[in-house]
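The structure appears right after this line, and notes come after that.
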Amino acid sequence: MKQRLQKILAQAGIASRRKSEELIAKGRVTVNGLIASLGQSADPEKDIIKVNERQITLEKKVYIKLYKPAGFVSTVEESHGMPTIMDLVKSSYKIFPVGRLDKDTEGLMLLTNDGELANKIMHPRYGIEKEYIVRLNKIFQPIKKKVVVEGKEVNAKISPRENPYELLIKIKEGRKHIVKKYFEQIGYKVCYLKRISIGPLVLSGVKKGTWGYLTSKEKQLLLKL
Ligand code: URA
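Under the numbering used here, the first residue of the sequence shown carries the number 34, and numbering increases by one thereafter.
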């Protein structure tokens, strides 16, 4: 099926759609040996598409959810002998995690080889909300002032849990250590952190330390984003 070239490149994980358009405009993309132009379509199953003279391949897209336990580093590369999430997930596809969790954080991680979806989930423009359970070092007192982390205001929705030391926090940001920094900024220490959702995807159906492929319903919800 014919599709816009920038969409095909994004699906192949080459770059975002916008960056792919730049590659096309710079003449770095060819279709069947001819330099492609912006707006051009191609059929990834029939046409030979090359970027910087290298042919792109479109793998089947896989979507995996993992319940990461604490103690695992969320990278695909070796990590100085420390256990990584790739010790937990066995896949022959070139999957990567969509966003990171700290080594001591547990909970939901999405792994995929769909570069376009990953970009969408991580890009602040789309404002995809992630939800966490947090346990603090002391009982939380609601605040009215703005919370600024490293010069930028952080918008978070906080709601109580039954345990007075625990809260639910919904946050759109993806900055490193953002939840810990948020609470540090207002005088609390995060003692425990668990991610329970990424947009419409929730942590259910997988036990701690295990993973599974998304159901077609879960996939549909994510791909609609
Ligand atoms: N915020 C943090 O501080 N740590 C995480 O692992 C995720 C969000």
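For each residue, glycine too, the CB sits at the ideal point set by N, CA and C.
Could you pull out every residue in the same chain whose Cβ sits closer than 6 angstroms to the Cβ of residue i, ignoring the five residues on either side in sequence?
i, result
"residue 119", "109"
"residue 213", "223"
"residue 241", "100 and 102"
"residue 225", "168"
"residue 155", "132 and 207"
By Cβ distance, which residues of its chain are closer than 8 angstroms to residue i, with the 5 residues on each side in sequence left out?
i, result
"residue 73", "37, 38, 57 and 64"
"residue 97", "122, 124, 128, 143, 144, 145, 244, 245, 246 and 247"
"residue 234", "98, 141, 143, 247, 251, 254 and 255"
"residue 47", "53, 56, 84, 89 and 148"
Exposed or buried, which one is residue i when buried takes at least 16 other CB atoms within 10 Å?
i, result
"residue 174", "exposed"
"residue 139", "buried"
"residue 81", "exposed"
"residue 67", "exposed"
"residue 249", "exposed"
"residue 165", "buried"
"residue 152", "buried"
"residue 158", "exposed"
Hey, residue i and residue j are a contact pair by Cβ (cut 8 angstroms); roughly how many whole angstroms apart?
i, j, result
"residue 116", "residue 105", "5 angstroms"
"residue 204", "residue 163", "6 angstroms"
"residue 221", "residue 171", "6 angstroms"
"residue 126", "residue 92", "6 angstroms"
Against chain C, with Cβ distances strictly below 7 angstroms, would residue i count as a contact?
i, result
"residue 137", "No chain C is present in this structure, which holds just one protein chain."
What are the partner residues of residue i, as DSSP defines its beta bridges?
i, result
"residue 192", "201"
"residue 166", "201 and 227"
Checklist entry - Near the ligand URA, which residues have their beta-carbon less than 5 angstroms from any of its heavy atoms, given in chain order? => result 134, 135, 138, 210, 211, 212 and 213
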